[in-house]
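Residue numbers (the numbering used here): 2 to 285.
This is how it looks when you write it as C-alpha cells:
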C-alpha cells in the first residue's frame with residue numbers, strides 16, 4: 002500500500018514537472034508544492050518505519066536470544082539435576098547393600114527397620130559359616146597369659162552355671178597374642194561393647210585362641226567334656242560366653258602341705274639332706 006501511494010505521488014510530481022516545463026502550470030503552484038511536500042513526508046515516514054522496523058527486529062532478536070539463553074540454562078539445570086539424581090541413585094544403591102569381607106551367618110541385629118544409621122555404626126554380629134568348627138577365644142591378664150604355652154590343656158566352661166553338672170569342654174591353647182588387646186580389638190572379636198568394656202576395665206588383657214577337642218561319637222554336641230557327654234538342652238553355638246581355665250602346673254595336695262610344715266618347724270631341709278651334708282665321723 003505504501004509503495005502504491007508512493008508511486009502515485011511520484012507520478013503526480015513527474016506530471017507537474019512536465020507541465021511546468023511545458024509552461025502549463027507554474028513551478029511553484031500550490032498543487033506542485035503540496036505534492037512535493039507530501040512526497041517528502043512520505044519519505045520521512047518511510048525512513049521512520051525502517052528505523053522502527055530495525056528496532057523491532059533488534060528487540061525481537063534480543064528477546065529471542067534471552068529465550069534461547071533461558072532454554073539453555075534450563076536444559077543445563079535439568080541435565081545437572083539428572084546427573085545428581087543418577088549419582089544419588091548409584092550411591093543409594095551402593096550404600097544400601099552391606100557386603101561382608103567373609104562368609105558367615107548373622108548372629109544378632111542391633112538396629113530395626115527404618116532406623117537411620119551412621120558410617121561405622123555397629124549393625125550386628127556376623128558369625129562363621131554354618132556347621133563350622135568352633136574356636137574359643139579367651140582373654141587373660143598379661144601375667145597369666147605369659148604362662149600359657151601352645152598345646153597347654155585348657156578347660157572351657159560355658160556360662161550356664163552348670164559346671165558341677167556338665168563340667169567343661171577340653172581344649173588346647175593354639176595361639177597366644179604377644180601384645181595386649183585394646184578395647185576395640187575385644188569389641189571386634191566378641192561383638193559386644195559392654196562385655197568388651199567389662200573385660201578391660203581391670204587392666205590390659207591378652208588374647209588366647211583355644212582349639213576345642215572334638216569327640217563326634219560319645220557326646221551330644223560333638224565335643225569332649227570333663228564330666229558328661231555335654232548338654233542336649235543348652236546348645237554350643239557361636240557367640241556363647243564362657244570361662245577358660247588353663248592348667249599351667251600339676252601338683253599333689255601334699256606339695257602344698259610340706260611348705261606349710263616347714264614354715265612352722267623352721268626346717269627347710271630333710272633329714273637325709275642333713276646327713277648327706279654332714280662329714281663322716283671316725284673313731285680316733
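Idealized CB from N, CA, C, for every residue including glycine.
Because the structure is a prediction, the values reported are computed rather than measured.
Assigned secondary structure, residue i (DSSP; H/G/I helix, E/B strand, else coil)
i	result
residue 30	For residue 30, the predicted structure reports a pLDDT of 49, less than 50, and the residue's modelled location is therefore unreliable. The matter cannot be settled from this model.
residue 119	coil
residue 282	Any reading at residue 282 must be qualified, since the residue scores a pLDDT of 45, below 50, and its modelled position is unreliable; no value is offered.
residue 160	coil
residue 200	helix
residue 208	strand
residue 192	coil
residue 141	strand
residue 125	strand
residue 187	helix
According to DSSP, residues forming a beta bridge with residue i
i	result
residue 172	155 and 213
residue 224	215
residue 245	157
residue 177	209
residue 182	206
Own chain, CB closer than 6 Å to residue i, minus 5 neighbours either side, in chain order
i	result
residue 193	none
residue 125	107, 109, 110 and 111
residue 178	207 and 208
residue 165	none
residue 73	none
residue 159	241 and 243
Close Cβ partners of residue i (< 8 Å) along its chain, the five nearest in sequence each way excluded
i	result
residue 136	175, 210, 211, 212 and 213
residue 236	222
residue 283	Only weak support is given to the placement of residue 283: the predicted model assigns it a pLDDT of 44, under 50, and the value that follows is read from those uncertain coordinates. Result list for residue 283: empty, nothing under 8 Å.
residue 1	No answer is possible for residue 1: it lies beyond the span of the chain, which begins at 2 and ends at 285.
Residues near residue i by beta carbon distance below 7 Å, same chain, minus five either side
i	result
residue 57	none
residue 201	184 and 187
residue 233	221
residue 143	181, 205 and 207
residue 168	226, 227, 228 and 229
residue 78	none
is_contact[residue i, chain C] using C-beta, thresh 7 Å
i	result
residue 168	Here there is only one protein chain, and chain C is not present.
Sequence ranges, beta strand (DSSP E) only - wholly within the segment 41-111, length at least 3: 107-110, all fully within the segment 41-111.
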